[in-house]
Amino acid sequence: MIRNRPVVVATLMLTALTALLVALLHGNARGAGLLAGYAGAWVLFAAAVVALRRVPGRCVLPLLVTGAIAVTATGLTAAPTTSTDSYRYAWDGRVQASGFSPYDHAPDDPALLELRDVWLFPDAAACARSEPDLAPLDDGLCTRINRPTVHTIYPPTAEAWFLLVHAVSPDGVRHKTLQTAAALLALAVTALLVMITRRRGDPHRVALWAWCPAVPVEAVNNAHVDILAVLLSVAALAVVARHRVAGGVLLGLAVAAKMLPALLVPGALSGAKRPRAVLAVLLPAVATVGALYLPYVLLSRESVFGYLSGYAREEGYDEAAASGRYALLRLVLPDAWAVPAVVLVMVAVALTVWSRGDPERPWSGALVATGTSFLLLTPGYSWYALLLVALVALDGRWEWLGVALAGATAYLATPLAGQGTATTAYGIAAAAVCAGWWTRRRAEGAVPDTARPHPRPRPCDEPTTPPTETRHHA
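Heads up, the sequence shown stops at 474 in our numbering, and the numbers go up one at a time, no gaps.
And the structure:
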């Protein structure tokens, strides 16, 4: 039993994490209770990851996979808890299946009255209760779909996914098919990460994704389409060093799922000095995005970019003083300088990653570019960071998880304690990243991860502590 102590400790931490996530989601926690519980889940997650480092080698993969299934499944225990985006996904799938373009009609459009049901468009009695997740309509009724007066914002890969999920959904299943499909995608990301990291001898880092509380909450429970973009992004980075064209196609699919993976381009081009190598990635990516948009362009009367520009204005990306965007930059710069500063810094980071990045580890540069953009933009939505979490699992620099946690703090704590909470969280995350960089730079004898010797896998019953050293005295 003593020999298996690391396995027992890791299992206990995972059990506690799973139980807490079920209590939070199934118990429909709100406000300060949700924030405190979610913070506790991150603490248990960190403890489980640390415990996994001492687990004997041959036990790591079974424990990793079992924990991934258990943690991911917690997201299926309740209806979407902190976001209503999946209701728009369901609506867009239904609209397409009925022969309409999702870019032509907003959910409140009278032309689509025949598609409404009581799940997405509750009756008058339910609307009268003024539940916080219901959006009012002009006719005195309401809908679960947020922003019902505007056209969809989602690009074509996402729209194709919504249509596919709708096509396989039984009648009356409501949110469950979207959540189940998202859970399968999350586990597929875990499997892909295992395949990539096992070749490098260190599958432990996969737990940074597989056990992260953001995955069951944002990817599964809220069924955010970001999980599809994450899977395609990880696949793109896994193959781009060996097969640039295939990597470019996968990157284009990812960008056409959520736009955010465009931040991965500098990483995907790491070490690509020749124009031919650069074009081998960029041209397939651009062509893939264009080919996916083309059918919707031909079928739609309205712009296929939908509410994208309106969303950018609504979130304050065009005017720094309008919201909590660019919060860290605005501590030291005038508001009017924030946007130009972001552009300059991101161009510098992209060029550095492109010219000095490791072509064998494109995810390393992608992590720097993506994480830096988050610190500069300080987004207020926690699910954006799913991509960042996957990149951390690929690269192993765990300190960047603080940026993901800061996004969750911004989303959950700002309504309770004001914008200063989000700014503080992002500031702490930035400090952690700088500290991690400084520590790694100063570490003596630091070598690339691929050059480090990895110990042989130990049986589950072999002690993890080295034998007592025998000293011989002259």
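From the three backbone atoms N, C-alpha and C, an ideal C-beta is built for every residue, glycine too.
Residue Q179 holds the alpha-carbon nearest to the alpha-carbon of I227 among A19, V240, Q179 and G267. By the neighbour-count definition (other C-beta atoms within 10 Å, threshold 16), L329 is a buried residue.
The stretch 167-179 makes contact with the stretch 214-227: 3 or more CB pairs, one atom from each, lie closer than 8 Å. Classified as buried, V234 has 16 or more neighbouring CB atoms from the shown chains inside 10 Å of its CB.
Contact between the stretch 405-421 and the stretch 308-319 is not established, with fewer than three Cβ pairs separated by less than 8 Å. Taken in chain order, the complete alpha helix (DSSP H) segments of 4 residues or longer contained in the stretch 182-227 are 207-210. In the three-state scheme derived from DSSP, where H, G and I count as helix and E and B as strand, P155 is classed as coil. Here the alpha carbon of A272 sits roughly 7 Å from the alpha carbon of W354. For the pair L401 and L208, the CB atoms are nearer than the 8 Å cut-off.
With 16 or more other CB atoms across the displayed protein chains lying within 10 angstroms of its CB, M13 is buried. Distance check between P213 and each of A19, R301, L237 and A320 places A19 closest, using alpha-carbon atoms only. A280 and T421 have their C-alpha atoms spaced approximately 44 Å apart. In the displayed model, P284 falls within a helix according to three-state DSSP. In the same chain as R244, and ignoring 5 residues on each side of it, the C-beta atoms closer than 6 Å to its own belong to A280 and V281, in chain order.
Counting only the Cα atoms, V206 lies some 6 Å from L193. In the DSSP assignment, T143 is bridged to A135.
Assigned with DSSP and collapsed to three states, V240 falls in coil, not helix or strand.
In the DSSP assignment, R88 falls within the alpha helix (DSSP H) that extends over D85 to A97. Between A406 and Y381, the C-beta gap is not smaller than 8 Å, which leaves the two residues out of contact. Just measuring C-alpha positions, the residue of A41, P170 and S169 sitting nearest L24 is A41. W119 and L112 have their C-alpha atoms some 15 Å from each other. A contact is defined here as three or more CB-CB pairs under 8 Å, and the stretch 63-73 fails this definition with respect to the stretch 126-138. With fewer than 16 other beta carbons inside 10 angstroms of its own, A348 counts as exposed.
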